[in-house]
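In this note's numbering, the protein residues as written are 748 to 871.
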């Protein structure tokens with residue numbers, strides 16, 4: 748089992764309106780895993796907590812380092828779209844997949860599946 752993804756979340760920006768952003772977690776040369784939580788994100792609770800361990804769910808976005816995740820020559824999403832959690836995601840833009848209010852256990856599984864994919868598939 749991989750380390751808890753929440754231990755990797757580092758605050759990258761806090762705005763005057765109370766919004767806060769965690770930096771993306773890069774997984775191998777393949778993915779950016781963005782987990783956000785707070786008053787302006789689809790998370791539980793929808794409040795600003797000092798410790799990411801206090802959240803029950805996160806607002807997730809996935810993006811490939813090389814660009815388009817949902818189609819194209821690299822095919823990462825073709826390999827991942829049959830995972831049980833894949834149905835949670837909708838295309839936000841051609842380069843980004845978005846899933847709101849994803850429970851922590853599911854976020855962890857997604858993180859681990861992306862790690863496994865990156866370990867077994869060399870970056871083209």
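Glycine included, C-beta positions come from ideal geometry on N, C-alpha and C.
For residue i, which three-state DSSP category applies?
i           : result
residue 766 : coil
residue 796 : coil
residue 773 : strand
residue 856 : helix
residue 825 : helix
residue 784 : coil
residue 849 : strand
Buried or exposed, going by whether 16 or more other CB atoms sit within 10 Å of the CB of residue i?
i           : result
residue 742 : With the chain running from 748 to 871 in the structure shown, residue 742 is simply not present.
residue 761 : exposed
residue 834 : exposed
residue 823 : buried
residue 852 : exposed
Less than 7 Å between CB atoms is the rule here; does residue i satisfy it with respect to chain D?
i           : result
residue 825 : No chain D is present in this structure, which holds just one protein chain.
Can you give the beta carbon distance from residue i to residue j, rounded, assuming they're within the 8 Å contact cut?
i           : j           : result
residue 779 : residue 810 : 4 Å
Just to confirm the assignment, what range does the beta strand (DSSP E) spanning residue i have?
i           : result
residue 754 : Here residue 754 belongs to no beta strand (DSSP E), and DSSP marks it neither H nor E.
residue 804 : 804-811
residue 839 : 837-840
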